[in-house]
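Protein sequences appear in the order of chains A and B.
The first sequence begins at 1 in the working numbering and counts up by one.
The second sequence begins at 1001 in the working numbering and counts up by one.
All C-beta atoms, glycine included, are put in the ideal place defined by N, C-alpha and C.
Computed from a predicted model, the values in this text were never measured in an experiment.
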Amino acid sequence: MASLKALKVRINSVKSTQKITKAMKMVAAAKLRRAQEAAVAARPYADRLEGVMASIAGRVGIAPGASPLLAGTGKDQVHLIVVATSERGLAGAFNTNIVRAARKKADALIADGKTVKFYIAGKKGRVLRRFYPTMIAADHEMGHIKKLAFDDARAIADDVIARFTAGEFDVAHLFYAKFVSALVQEPTGIQLVPVPLSSIKGATGKADAPAAVTEYEPSEEAILADLLPRNVAIQIFRALLENAASEQGSRMNAMENATKNAGDMINRLSIQYNRTRQAAITTELVEIISGAEAL
Amino acid sequence: MLHFELVTPEKLVRSEEVHMVVVPGTEGDFGVLEGHAPFMSTVRDGAIQVYRTAGGAPETIAIQGGFAEVNDKGLTVLAEHAG
C-alpha cells in the first residue's frame, strides 16, 4: 500500500491539475462567447454576397467563356483538400475529428484513382504529414494570428486561387468543424473551387422580378468575375470563424470533463488516504495495548 | 430617405437612413438618392461620401475592395475594409 506521504503528494498534484483544467474551461467559455459574436457579425456580409451571387450566377449561368472558378477546369483529376484546424491542442477530439473527416474524403478520392494534395491551415493539421508524407502541397502558417481578421482568410483564398490559376489542381475542398452548439461540433467538408452553384441559395435559374431590370456596371460577367474570388475568401473566413467557435466549445467540454475526472480522483484518493491513516492508527493502538498487557 | 448599409466581413459598419450617398464606382462616381433604379456596380478603392441631410457636409468613409448594390430596399455597399 502506498505510504501516507506518497498519497498526500498525489492528492495535491491532482488538485493543482484540477485548478488548471478549471481555469482553462473558464477561459474557453469566455473565448467561446467572443468567437460566437464574431461569427454572428460576419453573417450579414456573407448573406448579402450570397444573395447577389445567386441572382447574377442564376442569370449568367455557366457560359462557355465563364470564369474557371465557376465552370471548373473541365477535369476533376487533382483534388486539393484544405484542412483548417486549430493552433493549440487540449480541445478534446476537435482536431482529430476534422483530420479524420479529411482523411476519409482523401482515401475515397484516392480509391477512385484521383490525385490528392493537402493544404494545411493550422498547426494541428500537420499530423497529416505522417499519413500522406508526399501529398502536402502547402502548410499555411497561422500561429501569429491573435484575433482572426478577414485578411487572414483572404491570404489563404489568394494562395488557393493562385494555385488554381496555375493549374495545380482541379477541385478544392475545405474541411472544418461546423459550430452547431457549445456541445456539438460537426466536422464538415465543402467544395470551395469551382464554386458550386447549387450551394448558393436560390441559384436555381429563376431570377427574381426586380433583378430583371437591374443595371450592371461594368457588366454582369465582370461583376461575377470580381465576386467569385471574394466568395471563396468569405467561405474560408466563415469556416475559420466557425472553427474558432468550435475549438473553444470543444475545449470547454474537454476541460469540464477533465475537471470532473480530477474531482472523482481526488475523492478516491482521499478515501484511500483516510483508510491508510486509520489503519496506521489502529496498528499503533494495538502495539501500545499489547505492550501494556505484557507488563 | 435612403436606407444605406455598409457591410464588411467583420461587421455591419453602418445601417442608417441618409439623404444621399456618393460611391466611387469602377466606371466613375455615382450618387444614390431615394428611389434610385436597381443597380449593381463594382467599387474602386476610395472614399464614399454620406450626406445625412440635403446640403449638409458629407461624412467620408474610406473603403477598399468593394461592391455596391441598389435595390428597392436601399443601397448596400459590401467592402473588405472600411473606416
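Taking the alpha carbon of residue i as the point to measure from, which residue in the options has its own alpha carbon closest?
{"i": "residue 266(A)", "options": "14(A), 4(A), 223(A)", "result": "14(A)"}
{"i": "residue 19(A)", "options": "288(A), 270(A), 292(A), 261(A)", "result": "261(A)"}
{"i": "residue 77(A)", "options": "33(A), 170(A), 279(A)", "result": "170(A)"}
{"i": "residue 140(A)", "options": "130(A), 150(A), 155(A)", "result": "155(A)"}
{"i": "residue 1003(B)", "options": "1050(B), 1081(B), 1060(B)", "result": "1050(B)"}
{"i": "residue 1015(B)", "options": "1080(B), 1083(B), 1081(B), 1076(B)", "result": "1076(B)"}
{"i": "residue 234(A)", "options": "46(A), 10(A), 104(A), 33(A)", "result": "46(A)"}
{"i": "residue 1054(B)", "options": "1006(B), 1019(B), 1007(B)", "result": "1019(B)"}
{"i": "residue 1057(B)", "options": "1021(B), 1081(B), 1037(B), 1010(B)", "result": "1021(B)"}
{"i": "residue 1059(B)", "options": "1009(B), 1007(B), 1023(B), 1072(B)", "result": "1023(B)"}
{"i": "residue 131(A)", "options": "277(A), 163(A), 100(A), 89(A)", "result": "100(A)"}
{"i": "residue 79(A)", "options": "125(A), 50(A), 175(A), 93(A)", "result": "175(A)"}
{"i": "residue 311(A)", "options": "240(A), 287(A), 274(A)", "result": "Past the boundaries of the shown model lies residue 311(A); chain A is included only from 1 to 295, so the question cannot be answered."}
{"i": "residue 255(A)", "options": "103(A), 228(A), 192(A), 182(A)", "result": "182(A)"}
{"i": "residue 129(A)", "options": "83(A), 223(A), 91(A), 168(A)", "result": "83(A)"}
{"i": "residue 172(A)", "options": "2(A), 33(A), 114(A)", "result": "114(A)"}
{"i": "residue 53(A)", "options": "229(A), 125(A), 12(A)", "result": "229(A)"}
{"i": "residue 127(A)", "options": "150(A), 73(A), 87(A), 16(A)", "result": "87(A)"}
{"i": "residue 90(A)", "options": "124(A), 81(A), 70(A), 102(A)", "result": "124(A)"}
{"i": "residue 9(A)", "options": "168(A), 272(A), 75(A)", "result": "272(A)"}
{"i": "residue 1026(B)", "options": "1001(B), 1073(B), 1074(B), 1048(B)", "result": "1048(B)"}
{"i": "residue 153(A)", "options": "1028(B), 1001(B), 1061(B), 1010(B)", "result": "1010(B)"}
{"i": "residue 258(A)", "options": "150(A), 95(A), 23(A)", "result": "23(A)"}
{"i": "residue 1013(B)", "options": "1031(B), 1073(B), 1062(B)", "result": "1062(B)"}
{"i": "residue 43(A)", "options": "1039(B), 1083(B), 1078(B), 1037(B)", "result": "1078(B)"}
{"i": "residue 135(A)", "options": "103(A), 270(A), 112(A)", "result": "103(A)"}
{"i": "residue 189(A)", "options": "236(A), 163(A), 168(A)", "result": "236(A)"}
{"i": "residue 72(A)", "options": "56(A), 195(A), 92(A)", "result": "195(A)"}
{"i": "residue 242(A)", "options": "276(A), 85(A), 224(A), 92(A)", "result": "85(A)"}
{"i": "residue 97(A)", "options": "56(A), 185(A), 74(A), 70(A)", "result": "185(A)"}
{"i": "residue 192(A)", "options": "180(A), 166(A), 238(A)", "result": "238(A)"}
{"i": "residue 1070(B)", "options": "1038(B), 1080(B), 1034(B)", "result": "1038(B)"}
{"i": "residue 1017(B)", "options": "1081(B), 1083(B), 1034(B), 1028(B)", "result": "1034(B)"}
{"i": "residue 179(A)", "options": "227(A), 245(A), 213(A), 50(A)", "result": "245(A)"}
{"i": "residue 16(A)", "options": "263(A), 187(A), 41(A)", "result": "263(A)"}
May I ask you to list the residues that DSSP assigns as paired with residue i?
{"i": "residue 1051(B)", "result": "1020(B)"}
{"i": "residue 189(A)", "result": "175(A)"}
{"i": "residue 228(A)", "result": "BP columns for residue 228(A) are empty, so no partner."}
{"i": "residue 1006(B)", "result": "1014(B), 1077(B)"}
{"i": "residue 1040(B)", "result": "216(A), 1069(B)"}
{"i": "residue 144(A)", "result": "Paired residue(s): none; residue 144(A) is not in a bridge."}
{"i": "residue 1028(B)", "result": "1025(B)"}
{"i": "residue 1064(B)", "result": "1081(B)"}
{"i": "residue 81(A)", "result": "118(A), 173(A)"}
{"i": "residue 1059(B)", "result": "1050(B)"}
{"i": "residue 6(A)", "result": "DSSP output for residue 6(A) lists no bridge partner at all."}
{"i": "residue 91(A)", "result": "93(A)"}
(request) Write down every uninterrupted run of the beta strand (DSSP E) in the region 153-187 of chain A whose length is 3 residues or greater and which is fully enclosed by it, in chain order. (result) Counting only unbroken stretches of 3 or more residues, the beta strand (DSSP E) elements lying wholly within the region 153-187 of chain A are 171-179, in sequence order.
(request) Can you give me, in chain order, the residues of the region 44-62 of chain A that have a beta carbon less than 8 Å from any beta carbon in chain B? (result) So the close ones are 44, 45, 46, 48, 49, 52, 56.
(request) Answer yes if the region 98-108 of chain A comes into contact with the region 146-157 of chain A, meaning at least three C-beta pairs across the two stretches below 8 Å, and no otherwise. (result) Contact between the region 146-157 of chain A and the region 98-108 of chain A is absent, with fewer than three C-beta pairs closer than 8 Å.
(message) Tell me which residues of the region 1037-1050 of chain B have at least one Cβ-Cβ distance to chain A shorter than 9 Å, keeping chain order.
(response) Within the region 1037-1050 of chain B, the residues whose Cβ lies closer than 9 Å to any Cβ of chain A are, in chain order, 1037, 1038, 1039, 1040, 1041, 1042.
(request) Can you give me, in chain order, the residues of the region 1001-1019 of chain B that have a beta carbon less than 7 Å from any beta carbon in chain A? (result) Hits within the stretch, in order: 1007, 1008, 1009, 1010, 1011, 1012.
(request) Run through the region 10-38 of chain A for me and flag every whole beta strand (DSSP E) of 3 or more residues, listed as ranges in chain order. (result) Whole beta strand (DSSP E) segments, 3+ residues: zero.
(request) Decide yes or no for the touch test of the region 273-291 of chain A against the region 116-127 of chain A: beta carbon pairs closer than 8 Å, at least 3 of them. (result) Touching, no, given that fewer than three Cβ pairs across the two stretches are closer than 8 Å.
(message) To test your reading of the DSSP string, which unbroken beta strand (DSSP E) runs of 3 or more residues are found completely within the region 100-141 of chain A?
(response) Segments of the beta strand (DSSP E) lying fully in the region 100-141 of chain A: 115-121, 136-140.
(request) Would you check if there are 3 or more beta carbon pairs closer than 8 Å linking the region 1066-1076 of chain B to the region 1034-1045 of chain B? (result) Yes, the region 1066-1076 of chain B is in contact with the region 1034-1045 of chain B.
(message) My parser needs the beta strand (DSSP E) runs of 3 or more residues fully inside the region 240-293 of chain A; what are they?
(response) List check, beta strand (DSSP E) in window: nothing returned.
(request) Assess, as a yes-or-no matter, whether the region 247-264 of chain A is touched by the region 22-31 of chain A under the definition of 3 or more beta carbon pairs within less than 8 Å. (result) The region 22-31 of chain A, when compared against the region 247-264 of chain A, does touch it at the 8 Å Cβ threshold.
(message) Tell me whether the region 131-140 of chain A and the region 155-164 of chain A touch, counting them as touching only if at least three CB pairs, one residue from each stretch, are closer than 8 Å.
(response) Touching, per the Cβ criterion.
(message) Would you call the region 214-227 of chain A in contact with the region 31-42 of chain A, where contact means no fewer than 3 C-beta pairs closer than 8 Å?
(response) Segments in contact, no.
(request) Below 7 Å between beta carbons is the criterion; list the residues of the region 240-273 of chain A that meet it against any residue of chain B, in chain order. (result) The residues in question: there are none.
(request) Output, in sequence order along the chain, the residues in the region 1067-1079 of chain B whose CB is closer than 8 Å to any CB in chain A. (result) Within the region 1067-1079 of chain B, the qualifying residues are 1067, 1069, 1071, 1072, 1076, 1078.
(request) Please name the residues in the region 132-143 of chain A whose beta-carbon is closer than 8 Å to at least one beta-carbon of chain B, in chain order. (result) Those residues of the region 132-143 of chain A that come within reach of chain B (Cβ to Cβ, closer than 8 Å) do not exist; the list is empty.
(request) Taking a Cβ distance cut-off of 7 Å, strictly less, list which residues of the region 1020-1037 of chain B are near chain A, in chain order. (result) In summary, the residues of the region 1020-1037 of chain B whose CB is separated from some CB of chain A by less than 7 Å are 1025, 1026, 1027, 1037, in the order they occur in the chain.
(request) Name, going along the chain, the residues of the region 221-233 of chain A whose beta-carbon falls closer than 9 Å to a beta-carbon of chain B. (result) Within the region 221-233 of chain A, the residues whose Cβ lies closer than 9 Å to some Cβ of chain B are 222, 223, 226, 227, 230, 233, listed in chain order.
(request) Quick one: which residues of the region 152-179 of chain A get their C-beta closer than 9 Å to a C-beta of chain B? List them in chain order. (result) Taking 9 Å as the Cβ-Cβ cut-off against chain B, the residues of the region 152-179 of chain A that qualify are 153, 154.
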